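In the UniProt record's numbering, the protein residues as written are 1 to 153.
Here a beta-carbon is modelled for each residue, glycine too, at the ideal position from N, C-alpha and C.
Here the structure is a predicted model, which is why all the values come from computation and not from measurement.
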């Protein structure tokens, strides 16, 4: 008799993501930026704790690791490939937000001072969605001890 692997239904995941995105509503673009970056830091901390717990990597060794380095380390140690793929995509989004978006918006605002704040928030929508998905999947993988490679797709 085979053991049925736990599954997270796409509709359940989608509804959880949309519920979590509610925390961004009624906030200005800068508050959304801060919320997203704070949650990204929490995810990074959780993933480093996972590596410490499962791979015996000391926190002091990982202290200066970037989220990209964490993703690469997880990939090299055969964690879930589907999660790593999503994580690496988010790392690119986060890097743009952290290093370029605010500067680009400041330049853009100097050229077009009447730009809508909605435009600024729109740049954060996809990264916020992707981050919320990663956080939910992180918690699900922790709960179900499902960090190993995916055996069936």
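Query: Straight-line gap, residue 102 to residue 49 (C-alpha atoms, nearest Å); Result: 30 Å
Query: Buried versus exposed call for residue 55 [16 or more other C-beta atoms within 10 Å across all chains shown]; Result: exposed
Query: Residue closest to residue 61, alpha-carbon to alpha-carbon, out of 106, 52, 33; Result: 52
Query: Pair within 7 Å by beta-carbon distance, residue 74 and residue 91; Result: no
Query: Contiguous beta strand (DSSP E) assignments of at least 3 residues, all confined to the region 44 to 122; Result: none
Query: Length of the line joining the Cα atoms of residue 40 and residue 29; Result: 16 Å
Query: Contacts around residue 46, its chain only, beta-carbon distance under 7 Å, and the 5 residues preceding and following it disregarded; Result: 138
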